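Protein chains in written order, with this note's numbering: chain W, 1 to 291; chain Y, 1001 to 1445.
Below you'll find the structure, written out as structure tokens, and then a few comments.
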Amino acid sequence: MLNSISRKLNVIKTINNDKTEEITVVEHRSGWQLIDFKELRKYRDLFYFLVWREIKVLYAQTILGFSWAILQPLVQIIIFTIVFGNVAKLSTDGIPYFLFSSVAIIPWTYMSQAMTQSSQSLVQGQHLLDKVYFPRLLFPLTPVLARLVDFGISISIIIIVALYYRVMPTWNLLYLPLFIVLMVSIPAGIGLWLSALAIRFRDVKHGMPFVVRMLIYTAPIVYSASSIPETYRFIYSLNPIVGVIEGFRSCLLGTSMPWPFIWPGILTSFFLLFGGALYFKKMEWLFVDVI
Amino acid sequence: MNSDKNIIKVEGLHKRYRIGLKEEMHDSFLGATLNFFKSPLNNYRKYRSLYKFDDIKSNQAADKNHNSDNVIWALRDVSFEVKKGEVLGIIGNNGAGKTTLLKILSKITTPSFGRAEIRGRISSLLEVGTGFHPELTGRENIYLNGTILGMRKTEIDRKFDEIVQFSGVEKFIDTPVKRYSVGMKIRLGFSVAAFLEPDILVIDEVLAVGDSDFQKKCLNKMETVGKHGRTVLFVSHNMQMITRLCSRAILLEKGQIKDDGPADKVVASYLTSGMAGFSERTWKNKEEAPGGDVARLLAVRVKDEKGKVHPSFDIRKPIGIEMEYEVFKSDYLLLPHYNIFNEEGGWVFTTIDTDPEWRGRRPAGKYKATAWIPGNFLSEGILFVQSSLFTLEPTTTQFEPRDVVSFQVVDSLDGDTARGDWPGSMKGAVRPLLKWTNSFTKSKY
Chain W
1 MLNSISRKLN VIKTINNDKT EEITVVEHRS GWQLIDFKEL RKYRDLFYFL VWREIKVLYA
61 QTILGFSWAI LQPLVQIIIF TIVFGNVAKL STDGIPYFLF SSVAIIPWTY MSQAMTQSSQ
121 SLVQGQHLLD KVYFPRLLFP LTPVLARLVD FGISISIIII VALYYRVMPT WNLLYLPLFI
181 VLMVSIPAGI GLWLSALAIR FRDVKHGMPF VVRMLIYTAP IVYSASSIPE TYRFIYSLNP
241 IVGVIEGFRS CLLGTSMPWP FIWPGILTSF FLLFGGALYF KKMEWLFVDV I
Chain Y
1001 MNSDKNIIKV EGLHKRYRIG LKEEMHDSFL GATLNFFKSP LNNYRKYRSL YKFDDIKSNQ
1061 AADKNHNSDN VIWALRDVSF EVKKGEVLGI IGNNGAGKTT LLKILSKITT PSFGRAEIRG
1121 RISSLLEVGT GFHPELTGRE NIYLNGTILG MRKTEIDRKF DEIVQFSGVE KFIDTPVKRY
1181 SVGMKIRLGF SVAAFLEPDI LVIDEVLAVG DSDFQKKCLN KMETVGKHGR TVLFVSHNMQ
1241 MITRLCSRAI LLEKGQIKDD GPADKVVASY LTSGMAGFSE RTWKNKEEAP GGDVARLLAV
1301 RVKDEKGKVH PSFDIRKPIG IEMEYEVFKS DYLLLPHYNI FNEEGGWVFT TIDTDPEWRG
1361 RRPAGKYKAT AWIPGNFLSE GILFVQSSLF TLEPTTTQFE PRDVVSFQVV DSLDGDTARG
1421 DWPGSMKGAV RPLLKWTNSF TKSKY
């Protein structure tokens, strides 16, 4: 009987009564459950230090330090401008190619790096996983936040390029926070799914760089979204990366907001994140046992 | 919900693991090719089986000592309660489930069946310096490690100076930890842990590391922790430490509780039960026996003067270590010898066969060589034997398996051993009963 009850109950229930005595119940649980935000709050200092460690350690013992955060996207922008702008001469709706690709490459660099690291976070943190308990959710979420520092630094590329091309800020800029949230939610959602999968099947590690390289062509990063035929627009826009890139472009360059490209992606990323959190919590109990 | 209730209540904990997933081998090209295409599905099934236990429907199976080929029960129906302020030692052989139990209580892994109820904040120390990053400085790692162990930032701020002082690495606190020596890292890691203030502290075999002075410092710190009414769960192989620190002990064997009671009694029953090791080992199968081209080992046993094999010996009695070996090739100079190690891994001594009758070249055949360790010589504790055979001219190693047998030396309080009337702990690898002389002059006082 104990067995049948415990299956249904949560593994950890923390009840606080007024004497600040907390009771933790440890038992088996396999089933759907929601994120325990109260517990997450308790571990916010740790979360802060984990993110901080990730930032601090990323460019340790390098000569260029945080310049890498600028150099990597900058080189990519230059190469794309030469290959797709000057050689292939892809249409950009009249925007200079360098500017056109800068506003896309910066968020893309963030998303690709954050999702790659996030999906590997549990495997890379397996030593910690096996030795101490804290909410496992912190593992995939740490790189997603830590990478924002790189993103913040590389934004300076956009500012300099915009100044050079004399692009004036418009009211569209007010939408930028929305697209930054969307931009963060994508690697967070994918990271939740893939990190939980990667701890069991290391195939994720081998597939990830390849998939990321392909993903760049599924969004209007090197080409313009207007070249997508009207009939496929909705299916195309279900990819939330499309919405982020188009949104960034519109915010920063002041073109009209292409909502049909944006809202399908918002829905997808919401389901990605919500589903990822559920899946992660469902699988959480077995992470340590399958390392 | 009163605080005088049990602080930890464990009911019927079970934990199973899947082990020994077999790799299929193919000796034909066709078989290997077919397997190559079939393997993704097989691999999927294999890795899935690590956590799917469809073949075992309920915990009934566990109660019947059920063991399918590749499922092991790390814990079987473990139940106990711990009162507030109790210092509980958990002992048992390797693989008895001690660490699994600690991991379940500290929420690192979940039980397969059963439940545990824990009242209060729990901190677990399964390793010293968890989460240390080599690129970060000592200061930064204190914060990182501290929060990983469950401290708040403000709490670390408050204790920071004390932690640094305790660790004794003040001078290097702003140096990256990768430049630290191993000892310094351990000291720093332990210092953070020493300032944890949970209601329950769970400690795995972590005191076994570090230099002995620092160990002593930590032990003292732990003893004060225990006196402050904190509940401590403590796993160790060091029986002296268990009896010294713990009021109560649990003995685990193959995932089940074998004994539960006052620490000294449980330790004694563990040591005398023979569970602590095997004092006799024989190899029936030629292929499995350690050996070379000249000789192979047949058996090793630890016996008393009457030739009877025992797991534990009175410190006053001589102990004979016997090896039986077979020599296939004649006319070799043979050098049977033993290396004796104690439970801390310290090398106590080496003894070589010096029997004058067999110093020359030996004919092929079966030999039995026994070394006699005198009474009142070895210190109390578990000793491990490495039984080894060399040839001379040329020098070759025929066999030298470590830990083939082990035995226990038990001191007595009768007053006629080296401890005399002293009941406390005694250190050292040997405990010889020496002759003492005194001279006395009457003084005026």
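Note that CB positions come from ideal geometry on N, CA and C, so glycine has one too.
Source: prediction; values computed, not measured.
| query | result |
| --- | --- |
| Evaluate contact between the stretch 1070 to 1085 of chain Y and the stretch 1010 to 1020 of chain Y, counting only Cβ atoms and requiring at least three cross-stretch pairs below 8 Å. | yes |
| From R1301(Y) to I1186(Y), what does the alpha carbon distance come to, in whole angstroms? | 38 Å |
| Would you check if the stretch 1305 to 1320 of chain Y and the stretch 1395 to 1402 of chain Y touch, i.e. whether three or more CB-CB distances between them fall below 8 Å? | no |
| In chain order, which alpha helix (DSSP H) runs of at least 4 residues are fully inside the stretch 1227 to 1295 of chain Y? | 1239 to 1245, 1263 to 1272 |
| Could you check what DSSP says for I221(W) in three-state terms: helix, strand or coil? | coil |
| Check the Cβ-Cβ distances between K1064(Y) and every residue of chain W, and say whether any is below 8 Å. | Reliability of the predicted coordinates at K1064(Y) is poor, the pLDDT of 43 falling under 50, and the value obtained from them is presented with this limitation in mind. Not one chain W Cβ lies under 8 Å of K1064(Y). |
| Looking at F1313(Y): is its Cβ nearer than 8 Å to the Cβ of F1407(Y)? | yes |
| Roughly how many whole angstroms lie between the Cα atoms of T218(W) and M1151(Y)? | 45 Å |
| Output needed in chain order: residues of the stretch 56 to 78 of chain W with a Cβ under 9 Å from some Cβ in chain Y. | K56, V57, A60, Q61 |
| Measuring alpha carbon to alpha carbon, tell me which residue in K1084(Y), R1121(Y), W1073(Y), I1118(Y) is nearest K1098(Y). | W1073(Y) |
| Pull up the distance between the alpha-carbon of S256(W) and that of L173(W), whole angstroms please. | 11 Å |
| Out of curiosity, what's the CA-to-CA distance linking P177(W) and R1139(Y)? | 35 Å |
| At a Cβ cut of 7 Å, what residues of the stretch 256 to 290 of chain W count as close to chain A, listed as they run along the chain? | This model lacks chain A altogether, as its protein chains are W and Y. |
| Per DSSP, which one or two residues make a beta bridge with V1182(Y)? | Its beta-bridge partners do not exist; DSSP assigns none. |
| Do you know whose CA, among I1148(Y), S1191(Y), T1175(Y), lies nearest D1161(Y)'s CA? | S1191(Y) |
| Specify whether the stretch 1320 to 1331 of chain Y and the stretch 1362 to 1370 of chain Y touch according to this definition: at least 3 beta carbon pairs, one from each stretch, less than 8 Å apart. | yes |
| Buried or exposed for R200(W), please, with buried defined as at least 16 other CB atoms from any protein chain shown within 10 angstroms of its CB. | buried |
| What is the DSSP secondary structure of Y48(W), reduced to helix, strand or coil? | helix |
| When you compare each of K1217(Y), S1247(Y), F1172(Y) to K1231(Y) by their alpha carbons, which one comes out closest? | The displayed chain sequence assigns Thr, not Lys, to residue 1231(Y). When each option's Cα is compared against that of T1231(Y), the closest is S1247(Y). |
| Please list, in chain order, all residues of the same chain as K1009(Y) whose beta carbon is under 6 Å from its beta carbon, the five residues on each side excluded. | E1081, E1117 |
| Would you mind stating whether V51(W) and L145(W) have Cβ atoms separated by less than 8 Å? | yes |
| When every heavy atom of the ligand ZN is checked, does at least one fall within less than 7 Å of the C-beta of F1029(Y)? | Only the bare structure without any ligand can be found here, which leaves the ligand ZN out of the picture. |
| When the Cα atoms are used, what is the spatial distance from S237(W) to E246(W)? | 10 Å |
| Could you give the first and the last residue of the continuous alpha helix (DSSP H) run that contains G152(W)? | 138 to 164 |
| Return no unless some Cβ of chain Y is closer than 8 Å to the Cβ of I12(W). | Low confidence applies to I12(W): its pLDDT is 37, below 50, so where it sits in the model is not reliable enough to give any reading. |
| I need the DSSP call for P1176(Y), collapsed to helix, strand or coil. | strand |
| Would L46(W) pass as an interface residue toward chain Y - the criterion being a Cβ-Cβ separation below 8 Å? | yes |
| With a floor of 4 residues, list each alpha helix (DSSP H) that falls wholly inside the stretch 1094 to 1154 of chain Y, ordered by position along the chain. | 1098 to 1105, 1138 to 1148 |
| With distances taken from CA atoms, which of F1172(Y), K1254(Y), K1103(Y), G1131(Y) is nearest V1202(Y)? | K1103(Y) |
| Below 8 Å, how does it come out for the stretch 1373 to 1386 of chain Y and the stretch 1420 to 1434 of chain Y: are there three or more Cβ pairs, yes or no? | yes |
| Can you give me the C-alpha to C-alpha distance between Q120(W) and T142(W), rounded to a whole angstrom? | 11 Å |
| What does the Cβ neighbour count give for K954(Y), buried or exposed, with the cut at 16 atoms within 10 Å? | Examination of residue 954(Y) is not possible in this model, given that chain Y is present from 1001 through 1445 alone. |
| Kindly list, in the order they appear in chain Y, the residues whose Cβ is closer than 7 Å to that of D150(W). | Neighbours of D150(W) on chain Y: none; closest Cβ ~17 Å, over 7 Å. |
| Mind checking if S1106(Y) is an interface residue toward chain W, Cβ cutoff 8 Å exclusive? | yes |
| Taking the alpha-carbon positions, what's the G1131(Y) to G1415(Y) distance? | 49 Å |
| Helix, strand or coil for N86(W)? Go by DSSP, reduced to three states. | helix |
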